[in-house]
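Note sheet for the following structure.
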């Protein structure tokens with residue numbers, strides 16, 4: 009969904025745009041409204057655009073998970089491992105190095121901005137050792 013504020017900022021000043029703003033282009037185009045000389049960007053909730061699914065990784069190897077999403081304004085990310093937030097994991101990329109068996113599980117990325125929240129589909133990570141069989 010798209011949400012619009014009735015105020016905008018211009019040069020640090022708050023400007024009331026009222027309810028007669030006219031979209032600068034058709035729906036689905038860049039989200040902005042022009043009110044006189046002021047262009048107001050309309051917030052678009054995050055939409056996730058990729059998924060990782062199941063990942064088999066050898067113990068000691070590295071894995072990079074990337075949550076690709078779009079939305080306006082800037083998106084905030086939070087990675088979670090088995091339901092618990094991963095401290096400091098607040099970008100779209102999660103790098104796991106020297107993976108150990110304790111890191112096997114479910115990784116999820118929550119993506120949000122002022123317009124809403126999206127959940128990046130879970131990545132399941134299975135950590136295998138050389139002696140593991142299928």
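In our numbering, the protein residues as written are 9 to 142. A virtual CB, placed ideally from N, CA and C, is assigned to each residue, including glycine.
{"Query": "With 16 other Cβ atoms within 10 Å as the buried cut-off, status of residue 131", "Result": "buried"}
{"Query": "Residue 86, enclosing beta strand (DSSP E) - first and last residue", "Result": "84-89"}
{"Query": "Contacts around residue 36, its chain only, beta-carbon distance under 8 Å, and the 5 residues preceding and following it disregarded", "Result": "The predicted model places residue 36 with a pLDDT of 37, which falls under 50 and marks its position as unreliable; any figure quoted below should be read in that light. Excluding positions up to five away in sequence, the list is empty."}
{"Query": "Residue 106 to residue 66 span [Cα, whole Å]", "Result": "9 Å"}
{"Query": "Buried or exposed by the 16-neighbour rule on C-beta atoms within 10 Å, applied to residue 116", "Result": "buried"}
{"Query": "Beta-carbon gap between residue 133 and residue 63 smaller than 8 Å", "Result": "yes"}
{"Query": "Cα-Cα separation between residue 114 and residue 69, rounded to whole angstroms", "Result": "17 Å"}
{"Query": "Nearest candidate by alpha-carbon position, reference residue 87, set 78, 112, 128, 81", "Result": "128"}
{"Query": "Residue burial classification, residue 72 (beta-carbon count within 10 angstroms, cutoff 16)", "Result": "exposed"}
{"Query": "Simplified DSSP assignment, three categories, for residue 75", "Result": "coil"}
{"Query": "Anticipated Cβ contact below 8 Å, residue 126 with residue 119, distance rounded", "Result": "5 Å"}
{"Query": "Residues of its chain near residue 111, where Cβ-Cβ distance is below 7 Å and the 5 sequence neighbours each way are ignored", "Result": "104, 133, 135"}
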